[in-house]
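Worksheet: the structure to be examined is printed underneath.
2 protein chains.
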Amino acid sequence: MPADSSTLPEIRLDLAPPDIETPLAAALLLADRNRAGILAILRDGPHCVCELAAALDERSNNVSNHLARLRDAGLVRASRMALDTRRVYYERDEAACTAALAQLRTLLEPTR
Amino acid sequence: MPADSSTLPEIRLDLAPPDIETPLAAALLLADRNRAGILAILRDGPHCVCELAAALDERSNNVSNHLARLRDAGLVRASRMALDTRRVYYERDEAACTAALAQLRTLLEPTR
DNA sequence: GTAGTGTGTCACCCGCGGCTGAGATATATG
DNA sequence: CATATATCTCAGCCGCGGGTGACACACTAC
């Protein structure tokens, strides 16, 4: 027990647990070598799964798994192109990526 | 083998693997409930380990472990304050947090 | 000195998530 | 139709990282 509690900082044991569910979900999506690589590669336009797999030196089914995660989160879109309907081309959803970045800002940007 | 390769998009199997080490490291740091919570709580100023542990409903040694990770990455600083030298107060390094956010921008921001 | 509190360190356990392999589906060609 | 390529799905395995427990260390009060 402190001798002089008025000069000591008050200990706050009743701080509210912060709501970090959404930014945490965004961080978890980026916290994987292959998913981060996919998003980086797709910055320069759409690519098909086999191109991504070759660039990442991973198997296509593994890349497809990660693409499904990103697709479920809305960060990428899939589409078959007219002249090459066998392949599935993926492209970034820039609006969703910006939204995810905004979530991460709530963790890393000062409140001010 | 395509019958008419001139009308089909060229498949790029020689894409360079992107360098994502630094943004990946930043994402891995944020991709944990307790570390994300610590950064969120510290937005409103320094707090000691026991306060963080209480807010996160975690044991102090566990919180201390995560603080060490954030400290090694430079995102937070530790200091003992004059009037309360028993406790260790942690505060965000806003410059480092901004730098980490800049790394994540390389994944989520359009290149333009 | 001893006792008590706050924090740090580390080995260990264990669950979660990434990778794999097998199979299914889709599209094209012969 | 059969064959080939590209992608998708999912159960299972396994390594990595977070939580725990025990202990050491730092500081205060007595």
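Taken in order, these protein sequences are the chains called A and B. So in my numbering, spot 64 of the first sequence is number 65, and the numbers just go up one at a time. So in my numbering, spot 31 of the second sequence is number 32, and the numbers just go up one at a time. For every residue, glycine included, the Cβ atom is placed at its ideal position computed from N, Cα and C.
Close-in-space but distant-in-sequence residues of the same chain around residue i (CB under 8 Å, 5 per side omitted)
i: residue 90(A); result: 47, 48, 49, 79, 80, 81 and 82
i: residue 39(B); result: 53, 57, 64, 67, 68, 71, 77 and 91
i: residue 98(B); result: 40 and 76
i: residue 60(B); result: 54
Residue i (DSSP reduced to helix, strand or coil)
i: residue 93(A); result: strand
i: residue 101(A); result: helix
i: residue 190(B); result: As displayed, chain B neither begins before 2 nor continues past 113, which places residue 190(B) out of reach and without an answer.
i: residue 106(A); result: helix
i: residue 83(A); result: coil
Beta-carbon contacts of residue i that lie in its chain and below 7 Å, excluding the five residues immediately before and after
i: residue 111(A); result: none
i: residue 20(A); result: none
i: residue 23(A); result: 104
i: residue 107(B); result: 24
Supposed contact pair residue j and residue i - C-beta distance, whole angstroms, cut 8 Å
i: residue 74(A); j: residue 30(A); result: 6 Å
i: residue 27(A); j: residue 105(A); result: 6 Å
i: residue 42(B); j: residue 16(A); result: 6 Å
i: residue 44(B); j: residue 93(B); result: 7 Å
i: residue 55(B); j: residue 14(A); result: 4 Å
i: residue 32(B); j: residue 96(A); result: About 23 Å; that fails the 8 Å criterion.
Cut-off 6 Å between Cβ atoms - residues of its own chain near residue i, not counting five sequence neighbours on either side
i: residue 34(A); result: none
**Message:** In chain order, what are the residue ranges of uninterrupted alpha helix (DSSP H) at least 4 long that sit wholly in the segment 6-76 of chain A?
**Reply:** 22-31, 34-42, 50-57 and 61-74
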